[in-house]
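In the working numbering, the protein residues as written are 57 to 380.
All C-beta atoms in this analysis are idealised placements derived from N, C-alpha and C, irrespective of residue type, glycine included.
Comments concern the structure below.
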Amino acid sequence: MSQNHALITGGAGFIGSHLAEHLLAAGWRVTAVDDLSTGSIANLRSVEGRPGFRLYVSSAGDEALLRALAADAHVVFHLAAVVGVKKVMESAIQTIEKNLHTTETVLKVANLFRLRTVVASTSEVYGANPRESFREDDDSIIGTSRHRRWSYAASKLLDEFHAFAYFYSTSLPVTVVRLFNTIGPRQVGHYGMVVPTFVGQALAGRPITVYGDGRQRRCFTFVKDVVRCLAELAARPATVGQVYNIGSDQEITIMDLARKVKAMTGSPSEVVLQSYQEVFGENFVDMERRKPDVSKLRAAIGYAPDTRLEAMLQTVIDELKPRG
Ligand code: UDP
57 MSQNHALITG GAGFIGSHLA EHLLAAGWRV TAVDDLSTGS IANLRSVEGR PGFRLYVSSA
117 GDEALLRALA ADAHVVFHLA AVVGVKKVME SAIQTIEKNL HTTETVLKVA NLFRLRTVVA
177 STSEVYGANP RESFREDDDS IIGTSRHRRW SYAASKLLDE FHAFAYFYST SLPVTVVRLF
237 NTIGPRQVGH YGMVVPTFVG QALAGRPITV YGDGRQRRCF TFVKDVVRCL AELAARPATV
297 GQVYNIGSDQ EITIMDLARK VKAMTGSPSE VVLQSYQEVF GENFVDMERR KPDVSKLRAA
357 IGYAPDTRLE AMLQTVIDEL KPRG
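Structure (structure tokens):
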């Protein structure tokens, strides 16, 4: 069959399910592999039963399964990972072992079939680098191993090294993407993500919990923009062996985000400050700001995420509102 076929690890996750939808709409066949640890069948409601879509509930570290599925695939998007600061803080062993093992398996199988490969990494790899905005060649400044949070950045950084080791040693056509704070429908707050947490709190009339002093800044990116970038990058041979930031460059403080969510939902909730120590215990560090320089992305695909924050927040509010 000549129809393009994509394998998506983490295909039932927040980003993976949007990517599956996007590729199916573009006429691809899609095979999703997901162990449902943070993903869910509900995320796939819109694609379930569609011709050309299959889901395998299994770990992306299952080499035999991956070999069977990769045999007639053209591209693998490796999105499966332990995600969310809360989850990472609570499951430090799992974070390291799963992230390294699944990437090792995916790269090995991709290399066996010489698959076009896209490996999802994270803006966390820039770590404590104090630059105003991050360019792909900036240094990773990872803090001490006594701080659990860095295990996520370190494991994803090793995944990146691993991907590029395959590129240099075997010419595997791989591209690494660093995703900045991605938001949109289907993201859940259980793993610490700030936007669904704030929207859920505001809609329920509970206090909106801003950690630290609320002056830390983030750039939020719409999931539908992200998946479009992933597909575009995979389609371009010039992106092989390269790393790209995927993010928006509109910055907002977390305090202003809380106020905006409160205003947009018309919520009576109060905005309260909580110390990091109260939430995460000792030895937690947060990043003051995390803004991507997207000029490399724009040069590669002629586009960078540009959905306005209010429009993105509205989609989250609309999704969570009926649930109360
Ligand atoms: N945050 C917050 N209240 C919450 C959840 C998160 O103030 O209930 C803050 C968090 O400390 C961070 C920012 O919001 O500064 C973004 O958090 P998230 O976990 O969504 O992503 P991160 O950028 O930390 O990976």
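Taking the Cβ of residue 234 as the reference point, every heavy atom of the ligand UDP lies at 7 Å or farther away. The beta carbon of residue 356 sits closer than 6 Å to those of 295, all from its chain and outside the five residues before and after it, given in chain order.
Boundaries of the alpha helix (DSSP H) harbouring residue 208: 206 to 226, taken from the DSSP string. Taking the Cα positions, residue 150 is about 8 Å away from residue 138. Between the C-alpha atoms of residue 64 and residue 228 there is a straight-line separation of about 17 Å. Sequence-distant partners of residue 136 (beyond 5 residues in either direction) whose C-beta falls short of 6 Å from its own C-beta, in its chain, are 65, 66, 116 and 158. Remark: C-beta atoms of residue 181 and residue 196 approach each other more closely than 8 Å. In this chain, residue 300 is not harboured by any alpha helix (DSSP H); it is covered by the beta strand (DSSP E) spanning 299 to 302. Taking the C-beta atoms as reference points, residue 293 is found no nearer than 8 Å to residue 376.
Within the same chain, and ignoring the five residues on either side of residue 368 in sequence, the residues whose Cβ sits closer than 7 Å to its Cβ are 239, 240, 276 and 278. Residue 348 carries a strand assignment under DSSP once its states are collapsed to helix, strand and coil.
For the set 95, 84 and 78, the Cα lying nearest the Cα of residue 70 is the one of 95. Non-local beta-carbon contacts of residue 79 in its own chain, meaning distances under 6 Å to residues more than five positions away in sequence, involve 62 and 86 in chain order. Residue 349 places its beta carbon 8 Å or farther from that of residue 234. Distances from the CB of residue 249 to the heavy atoms of the ligand UDP include at least one below 7 Å.
Distances taken from the Cβ of residue 272 to the heavy atoms of the ligand UDP include one shorter than 7 Å. Residue 291 counts as exposed, since fewer than 16 other beta carbons sit within 10 angstroms of its beta carbon. Shown here, residue 189 sits in coil according to DSSP, grouped into three states, outside any helix or strand.
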